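The numbering used here applies: residue 4 is where the sequence shown begins, and numbers increase by one. Heads up, the beta-carbon is just placed ideally off N, CA and C, and yes, glycines get one too. All values derive from a computational prediction rather than experimental measurement.
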Amino acid sequence: MITRQAHRCGWLARTLLLAGLTGWLLLNPSFQGALGTAFAAGEMSQDQLDQRIHDYILAHPEVLVQALQSLDERQREAEAAQAKQVLKARADDIFRDKQSPIGGNADGNVTLVEFFDYNCPYCRVMAPIMDQAVAGDPQLKIVYKEFPILGPDSLFAAKAALAAERQGKYQEFHKALYASRTRVTEAVVLRIAGEAGLDVERMKSDMQQPDIQALIDRNTELAQALKITGTPGFVVGDQIFPGATDLETMKKLIRQARAGK
Numbered sequence: 004m005i006t007r008q009a010h011r012c013g014w015l016a017r018t019l020l021l022a023g024l025t026g027w028l029l030l031n032p033s034f035q036g037a038l039g040t041a042f043a044a045g046e047m048s049q050d051q052l053d054q055r056i057h058d059y060i061l062a063h064p065e066v067l068v069q070a071l072q073s074l075d076e077r078q079r080e081a082e083a084a085q086a087k088q089v090l091k092a093r094a095d096d097i098f099r100d101k102q103s104p105i106g107g108n109a110d111g112n113v114t115l116v117e118f119f120d121y122n123c124p125y126c127r128v129m130a131p132i133m134d135q136a137v138a139g140d141p142q143l144k145i146v147y148k149e150f151p152i153l154g155p156d157s158l159f160a161a162k163a164a165l166a167a168e169r170q171g172k173y174q175e176f177h178k179a180l181y182a183s184r185t186r187v188t189e190a191v192v193l194r195i196a197g198e199a200g201l202d203v204e205r206m207k208s209d210m211q212q213p214d215i216q217a218l219i220d221r222n223t224e225l226a227q228a229l230k231i232t233g234t235p236g237f238v239v240g241d242q243i244f245p246g247a248t249d250l251e252t253m254k255k256l257i258r259q260a261r262a263g264k
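Set out below in structure tokens:
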């Protein structure tokens, strides 16, 4: 059953789409030409304009695709600009949060931030690439942002990793979770914790501490503010880039960030 609210949302979406399409058409040279001097002189009513748009779309249905692509591009540009503003305003939260685990050189001159989920297959692909980037760049600092978006198992793993940090074993545990090559369930997490030499009972107790959940909540809010909606997501310098990439691209982004200092 379609609710009244759904009807209102659908009406609003159609209204906004029509408004955007109208604006796009008014800037389209071929449409302007079709209107001729009547529209330019303000001699056309709104109903006449709507009918002209209707007729034009029927005659040129390809403009719908072009308009939607143009609107999508403008939206992406607006979101990217907004994310860059957040990046500048919240640099301390992103690059210098004292509760976020770090890797590489803690005093490095470039910081690479990763938002990730242990059950994300693309994050698993990136794990050895991150290791190679650190191994090849002694001035690279990594900031790990636990971002468990793939269900309860991921949340359990993220809390366990942050608890492992309190025993000085975050890096070892982090790598072991990715090396497991299986879905990271609660049972897998506890098994790997034992194999990594963690005090498992202490880890389970630390996982319940409110500041661990608070850190994950902050990471989630920060990712949303940066328009990072999936994993992995990376921030380096003034650049935000989603998804997995190759080592050479990552090195290029790091070089650009270093050059921009």
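First through last residue of the beta strand (DSSP E) which encompasses V118
Position 115 of the sequence shown, counted from the first residue, corresponds to residue 118. This sequence places Phe at residue 118; Val is not what is there. V113 to F119 is the span of the beta strand (DSSP E), which, as asked, contains F118.
Element boundaries [beta strand (DSSP E), containing L193]:
Numbered from 1 along the sequence shown, position 190 holds the residue referred to as residue 193. Careful: L193 lies outside any beta strand (DSSP E), inside the alpha helix (DSSP H) at E189 to E198.
Excluding the five sequence neighbours on either side, which residues of its own chain have a C-beta within less than 7 Å of the C-beta of D140, listed in chain order?
Start at 1 with the first residue of the sequence shown, and residue 140 comes out as number 137. Result list for D140: I257, in chain order.
Nearest to R3 by alpha carbon, out of A163, D220 and Q170?
Residue 3 lies beyond the range of the chain shown here (4 to 264); nothing can be said about it.
Host alpha helix (DSSP H) of Q174 (start-end):
Position 171 of the sequence shown, counting from 1, holds the residue named residue 174. Residues Y173 to A182.
Mind checking E266: buried by the 16 CB within 10 Å criterion, or exposed?
Any property of residue 266 remains undetermined from this structure, which presents the chain solely from 4 to 264.
Which residue or residues does DSSP assign as beta-bridge partners of E149?
The sequence position of residue 149 within the sequence shown is 146, counting from 1. DSSP output for E149 lists F119 as bridge partner(s).
Throw me the rounded Cβ distance for the V239 and L229 pair, which I believe falls under 8 Å.
Reading the sequence shown from its first residue, position 236 is the one you call residue 239. Reading the sequence shown from its first residue, position 226 is the one you call residue 229. The C-beta distance from V239 to L229 rounds to 12 Å, too long to meet the 8 Å contact threshold.
Alpha carbons only, please: which of V192, G107 and D156 is nearest the one belonging to V146?
Reading the sequence shown from its first residue, position 143 is the one you call residue 146. That would be G107, whose Cα lies nearest to the Cα of V146.
Between which two residues does the alpha helix (DSSP H) holding Q135 run?
Here residue 135 refers to the residue found at position 132 when the sequence shown is read from its first residue. Per DSSP, Q135 belongs to the alpha helix (DSSP H) from P124 to A138.
List the endpoints of the continuous alpha helix (DSSP H) containing I105.
Counted from its first residue, the sequence shown places residue 105 at position 102. Careful: I105 lies outside any alpha helix (DSSP H), inside the beta strand (DSSP E) at I105 to G107.
With 16 other CB atoms within 10 Å as the buried threshold, where does G39 fall?
Residue mapping note: residue 39 aligns to position 36 of the sequence shown, counting from 1. With a pLDDT of only 46 at G39, under 50, the local geometry of the prediction cannot be trusted, and the value read off the model is given with reservation. The residue is exposed, with fewer than 16 neighbouring Cβ atoms inside 10 Å.
Beta-carbon contacts of I152 that lie in its chain and below 7 Å, excluding the five residues immediately before and after
On the sequence shown, residue 152 is found 149 positions in, with the first residue counted as 1. So the list reads D120 and T234, once near-sequence residues are dropped.
Tell me which same chain residues have a C-beta within less than 7 Å of the C-beta of V89, skipping the five on either side of it?
Here the question's residue 89 lines up with position 86 in the sequence shown. Result list for V89: A228 and L229, in chain order.
At which residues does the alpha helix (DSSP H) containing Q216 begin and terminate?
By one-based count along the sequence shown, residue 216 stands at place 213. Looking at the DSSP string, the run of the alpha helix (DSSP H) that includes Q216 is P213 to A228.
Could you check whether R186 and D156 sit closer than 8 Å to each other, using their CB atoms as the reference points?
One-based indexing of the sequence shown puts residue 156 at position 153. One-based indexing of the sequence shown puts residue 186 at position 183. By the CB criterion at 8 Å, D156 and R186 fall inside the cutoff.
Roughly how many whole angstroms lie between the Cα atoms of T114 and L201?
The residue labelled residue 114 in the question sits at position 111 within the sequence shown. The residue labelled residue 201 in the question sits at position 198 within the sequence shown. So the alpha carbons of these two residues sit roughly 28 Å apart.
In chain order, what residues of the same chain have a beta carbon less than 8 Å from the beta carbon of A37, not counting five sequence neighbours either side?
Taking the first residue of the sequence shown as position 1, residue 37 is located at position 34. Any reading at A37 must be qualified, since the residue scores a pLDDT of 49, below 50, and its modelled position is unreliable; the value itself is stated next. Closer than 8 Å at Cβ, skipping near neighbours: R55 and Y59.
By the DSSP assignment, the alpha helix (DSSP H) with I257 in it spans what residues?
For the purposes of this step, residue 257 is identified with residue 254 of the sequence shown, where counting begins at 1. Start and end: L250 to A262.
Buried or exposed for V68, going by 16 or more other Cβ atoms inside 10 Å?
Your numbering for residue 68 matches position 65 in the sequence shown. That one is exposed.
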